[in-house]
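Colleague: Each residue of the sequence shown is one higher than the last, beginning at -15 in the numbering used here. Even glycine gets a Cβ: it sits at the ideal position worked out from N, Cα and C. Keep in mind the model is a prediction, meaning the values are calculated, not measured.
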Amino acid sequence: MKNISRLGQEFGQYLIQLTAELFLGKGEPRSLSEMERNIRAMLLKAGQFLLSSWLELHESSTPTETVPCPHCEAQAGYQFRRAGTLLTLVGQIEYKRAYYLCAACQQGHYPLDQKLGLRPGQMSAELENLSGMTGAQLPFGQGSQLFEALTLITLSDHSVAKATQAMGTEVQALEAEWMAQSQDGDWLQEQQRLAERPQRLYGALDAAKVHIRGQKEHAWRDLKVGAWFSTTAEPPQSPEDEWDIQATDISYYCDIQEAQQFGALLWATGCQRHAELAQELIFLGDGADWIWRLVQEHYPEAVQIVDWFHATEYIAPVAKAAFEDEDRRQAWITRVRTDLWNGALEAVIAAFEHLTDHPRASEPATKAVTYFTNNRHRMNYPEYRAKGYQIGSGTIESGCKQIVTQRLKVAGAIWEHDNAIKTAKARAALLSDQWDLIAARREHLPLPLAV
Ligand SMILES: [Zn+2]
-15 MKNISRLGQE FGQYLIQLTA ELFLGKGEPR SLSEMERNIR AMLLKAGQFL LSSWLELHES
45 STPTETVPCP HCEAQAGYQF RRAGTLLTLV GQIEYKRAYY LCAACQQGHY PLDQKLGLRP
105 GQMSAELENL SGMTGAQLPF GQGSQLFEAL TLITLSDHSV AKATQAMGTE VQALEAEWMA
165 QSQDGDWLQE QQRLAERPQR LYGALDAAKV HIRGQKEHAW RDLKVGAWFS TTAEPPQSPE
225 DEWDIQATDI SYYCDIQEAQ QFGALLWATG CQRHAELAQE LIFLGDGADW IWRLVQEHYP
285 EAVQIVDWFH ATEYIAPVAK AAFEDEDRRQ AWITRVRTDL WNGALEAVIA AFEHLTDHPR
345 ASEPATKAVT YFTNNRHRMN YPEYRAKGYQ IGSGTIESGC KQIVTQRLKV AGAIWEHDNA
405 IKTAKARAAL LSDQWDLIAA RREHLPLPLA V
């Protein structure tokens, strides 16, 4: 092994060379910015030197003649040193490492790659982590531009997309583990013994449309989003109060799936949050049927609350169709909203029923009657407020907006089905503070054995 002080001397020599290039090289920098750029480029070169040296330090100059073959039980024999390329956060690195071939199974391998988790010809785990994070935040084209501007590492749109989707794939793998646990009776019993029971946990469900490429025609598909969170904030005491529910410990999950399959993910993520053990479990959602069917199936004891804002959305369109006079219209809206706030559902439904024969308001009024009748047991707002429950699902609404609207509903974007899911899952992990966990799993993935 090369000795460190000699390596230090070599690095010193290289720094002298780089410094000379920087100060005496072609053309004096004309501005601070130009000098900053030059120094950054120099630092990358210094980084490449150190990274290559570090890899070399791991390689013995006289490799052992044989090592155990990872493909079979036999011994693999040393062949020669072979060059490899790594794409890293300090740029592209060439390195050399010993190559072994097994006579028994005819397969080769690189002990150094195995030992350090190197991915020759591919992005390093760290580069993948940061470029994947960029792609989870921005459209891939914009992400690739910003990434290059910030790191001086050039990555194509495609590479940023690939990194982001690799993280999404890892989220899927983690979710598959959670699903297996959530179906395992022993695991669930163990949780019951060990877990701290959450006092009050909230669940929320929603969906938003994503444009998906089809074989014949493109289609808008529902991307379902769920959130778990807790909060100690008091609910608003009047509709005009502060609605920020100050949710903490938010975890998002999402998928493009039928409700039944999505239910398995709801249950699996819930098990991670010990939802089934919560002393109070409260679900918020709009009036969508699939939401309440899933809640009923998996958490029959949970309190079901129709989000206040979704409920009130039914009022204005009816008023607009029914009353031309502005004052009468406003008076009607205020009355119905107040009744709804006070839990007077009979009065709310009656107000709409009154207008079901109205020539212009009939259609929205009839819709509203159905909606409020079907969901009346989820709109006991005075009782929820008295118990300190939140009644507006701001958290999941903003989750849907942040995951779907901000990132996946890019103008003109039509997504491949699987890529949309993976990108959404990567973004959900980022918004749930699970990014580092996912990145660490990617870093420690077992490598495919080289042949
Ligand atoms: Zn072998």
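Would the segment 21 to 29 and the segment 59 to 72 be scored as touching if the rule is three or more Cβ pairs under 8 Å?
Modeller: No, they do not touch.
Colleague: Which value, in whole angstroms, describes the spacing of the CA atoms of GLU427 and MET151?
Modeller: As a working note, residue 427 is residue 443 in the sequence shown. As a working note, residue 151 is residue 167 in the sequence shown. Cα to Cα, the separation comes out at about 11 Å.
Colleague: Quick check: does the Cβ of HIS42 come within less than 7 Å of any heavy atom belonging to ligand 1?
Modeller: If you number the sequence shown from 1, residue 42 lands on position 58. Incorrect: HIS42 has no Cβ contact closer than 7 Å to ligand 1.
Colleague: Please work out which residues of its chain come closer than 8 Å, Cβ to Cβ, to GLY61, disregarding the five sequence neighbours upstream and downstream, and give them in chain order.
Modeller: As a working mapping, residue 61 is identified with position 77 in the sequence shown. Excluding residues within five positions, the ones whose Cβ falls inside 8 Å are GLU49, THR50, TYR84, LEU85, CYS86 and ALA87.
Colleague: In or out: LEU415 buried (at least 16 other Cβ within 10 Å) or exposed?
Modeller: As a first step, residue 415 must be located in the sequence shown, where it is residue number 431. LEU415 is buried by the Cβ-count criterion.
Colleague: Taking 7 Å as the limit, tell me which residues put their C-beta closer than that to any heavy atom of ligand 1, in chain order.
Modeller: Checking every Cβ against the heavy atoms of ligand 1 under 7 Å gives CYS53, HIS55, CYS56, ALA58, ALA60, CYS86, ALA88, CYS89 and GLN91.
Colleague: For LEU282, name the three-state secondary structure that DSSP assigns.
Modeller: On the sequence shown, position 298 is the one that residue 282 refers to. Note that residue 282 is His in the sequence shown, not Leu. Of the three classes helix, strand and coil, the one that applies to HIS282 here is helix, per DSSP.
Colleague: Under the three-state reduction of DSSP, which class applies to ALA349: helix, strand or coil?
Modeller: Here residue 349 refers to the residue found at position 365 when the sequence shown is read from its first residue. Helix.
Colleague: Can you tell me where the beta strand (DSSP E) holding PHE267 begins and where it ends?
Modeller: By one-based count along the sequence shown, residue 267 stands at place 283. It spans 264 to 269 - the beta strand (DSSP E) in which PHE267 sits, taken as one unbroken run.
Colleague: Is it true that the CB of LEU2 sits closer than 8 Å to the CB of LYS29?
Modeller: What you label residue 29 is simply residue 45 of the sequence shown in a count that begins at 1. What you label residue 2 is simply residue 18 of the sequence shown in a count that begins at 1. In this structure, LEU2 lies closer than 8 Å to LYS29 by Cβ.
Colleague: With 16 as the cutoff for other CB atoms within 10 Å, does GLY(-8) come out buried or exposed?
Modeller: The residue you call residue -8 lines up with position 8 of the sequence shown. By the neighbour-count rule (16 or more Cβ atoms within 10 Å), GLY(-8) is not buried but exposed.
Colleague: DSSP on LYS99, reduced to helix/strand/coil?
Modeller: Reading the sequence shown from its first residue, position 115 is the one you call residue 99. Looking at LYS99 - three-state DSSP - the assignment turns out to be helix.
Colleague: Between the beta-carbon of VAL388 and the beta-carbon of VAL144, is there less than 8 Å?
Modeller: Residue mapping note: residue 388 aligns to position 404 of the sequence shown, counting from 1. Residue mapping note: residue 144 aligns to position 160 of the sequence shown, counting from 1. No.
Colleague: Run the CB neighbour count on ARG257, radius 10 Å, all protein chains shown included, and call it buried at 16 or more, exposed below.
Modeller: Reading the sequence shown from its first residue, position 273 is the one you call residue 257. Buried.
Colleague: Would GLY187 pass as a contact of ALA259 if the rule is Cβ separation under 8 Å?
Modeller: Counting from one through the sequence shown, the residue named residue 187 turns up at place 203. Counting from one through the sequence shown, the residue named residue 259 turns up at place 275. It is a contact, given that the beta carbons lie within the stated cut-off.
Colleague: Expressed to the nearest angstrom, what Euclidean distance is found between the alpha-carbon atoms of VAL332 and ALA352?
Modeller: Against the sequence shown, residue 332 aligns to sequence position 348. Against the sequence shown, residue 352 aligns to sequence position 368. VAL332 and ALA352: Cα-Cα distance of roughly 10 Å.
Colleague: Write down every uninterrupted run of the beta strand (DSSP E) in the segment 281 to 366 whose length is 3 residues or greater and which is fully enclosed by it, in chain order.
Modeller: Those beta strand (DSSP E) runs which fall completely within the segment 281 to 366 and span 3+ residues are 287 to 290.
Colleague: I'd like to know whether the C-beta atoms of SER235 and TRP212 end up nearer to each other than 8 Å.
Modeller: Position 251 of the sequence shown, counting from 1, holds the residue named residue 235. Position 228 of the sequence shown, counting from 1, holds the residue named residue 212. Yes, Cβ-Cβ distance for SER235 and TRP212 is below 8 Å.
Colleague: Taking only the alpha-carbon atoms, compute the straight-line gap between GLN98 and MET107 and give it to the nearest angstrom.
Modeller: Translated into positions along the sequence shown, residue 98 becomes position 114. Translated into positions along the sequence shown, residue 107 becomes position 123. If I take the Cα positions, the gap works out to 16 Å.
Colleague: Verify the CB distance criterion: does GLY(-4) have a CB-CB separation below 8 Å to chain B?
Modeller: Protein chain content of the structure displayed is limited to a single chain, and chain B is not contained in it.
Colleague: Using three-state DSSP, classify VAL388 as helix, strand or coil.
Modeller: For this step, residue 388 is matched to residue 404 along the sequence shown. VAL388 falls in the helix class under three-state DSSP.
Colleague: Any idea if HIS361 is buried or exposed, counting beta-carbon neighbours within 10 angstroms, 16 or more meaning buried?
Modeller: Along the sequence shown, one-based indexing puts residue 361 at 377. HIS361 is exposed by the Cβ-count criterion.
Colleague: So, does the segment 230 to 248 touch the segment 415 to 425, judging by three or more C-beta pairs under 8 Å?
Modeller: Touching, per the Cβ criterion.
Colleague: The beta strand (DSSP E) spanning TRP227 covers which residue range?
Modeller: Reading the sequence shown from its first residue, position 243 is the one you call residue 227. Unbroken run through TRP227: none, as it is neither H nor E.
Colleague: Where do the N-terminal and C-terminal ends of the beta strand (DSSP E) with GLN63 fall, by residue?
Modeller: Translated into the one-based positions of the sequence shown, residue 63 becomes position 79. Residues 59 to 72.
Colleague: Report the three-state DSSP secondary structure of ALA78 (helix, strand or coil).
Modeller: Stepping through the sequence shown from its first residue, residue 78 is reached at position 94. The question names Ala, but residue 78 in the sequence shown is Glu. GLU78 falls in the strand class under three-state DSSP.
Colleague: For TRP171, collect the residues of the same chain with a Cβ closer than 6 Å to its Cβ; drop the 5 residues on either side in sequence, then sort them by chain order.
Modeller: Indexing the sequence shown from 1 puts residue 171 at position 187. Counting only Cβ-Cβ distances below 6 Å, and skipping sequence neighbours, we find GLN165.
Colleague: Are the CB atoms of THR148 and GLY119 within a distance shorter than 8 Å?
Modeller: Translated into positions along the sequence shown, residue 119 becomes position 135. Translated into positions along the sequence shown, residue 148 becomes position 164. Cβ distance < 8 Å, so GLY119 and THR148 count as in contact.
Colleague: How about ILE299 and VAL320: do their beta carbons lie closer than 8 Å?
Modeller: Taking the sequence shown and counting its residues from 1, the one referred to as residue 299 is at position 315. Taking the sequence shown and counting its residues from 1, the one referred to as residue 320 is at position 336. Yes; because the gap between Cβ atoms is below 8 Å, this pair is in contact.
Colleague: For CYS86, which residues does DSSP report across the bridge?
Modeller: One-based indexing of the sequence shown puts residue 86 at position 102. Paired residue(s): ALA60.
Colleague: Comparing alpha-carbon positions, which option in GLY383, ASN364, GLY31 and THR46 lies nearest VAL287?
Modeller: Within the sequence shown, numbered from 1, the residue matching residue 287 stands at position 303. For the residues GLY383, ASN364, GLY31 and THR46, the minimum Cα distance to VAL287 belongs to ASN364.
Colleague: Please name the residue or residues paired with GLY187 in a DSSP beta bridge.
Modeller: Reading the sequence shown from its first residue, position 203 is the one you call residue 187. Note: GLY187 sits in a beta bridge opposite TRP212 and PHE267.
Colleague: With ILE234 as the anchor, note down where its alpha helix (DSSP H) starts and where it stops.
Modeller: If you number the sequence shown from 1, residue 234 lands on position 250. First-last for ILE234: 232 to 239, but that is the beta strand (DSSP E), not the alpha helix (DSSP H).
Colleague: Just reading off the beta strand (DSSP E) that VAL51 is part of, what are its end residues?
Modeller: Position 67 of the sequence shown holds residue 51. Segment 50 to 52, the beta strand (DSSP E) holding VAL51.
Colleague: Between ALA408, ASP420, LEU429 and GLN176, which lies nearest to VAL209 when the distance is taken from Cα to Cα?
Modeller: Within the sequence shown, residue 209 is the residue found at index 225, counting from 1. Here the closest residue by C-alpha is ALA408.
Colleague: So ASP402 is in the alpha helix (DSSP H); what residue range does that whole segment cover?
Modeller: Against the sequence shown, residue 402 aligns to sequence position 418. Start and end: 401 to 415.
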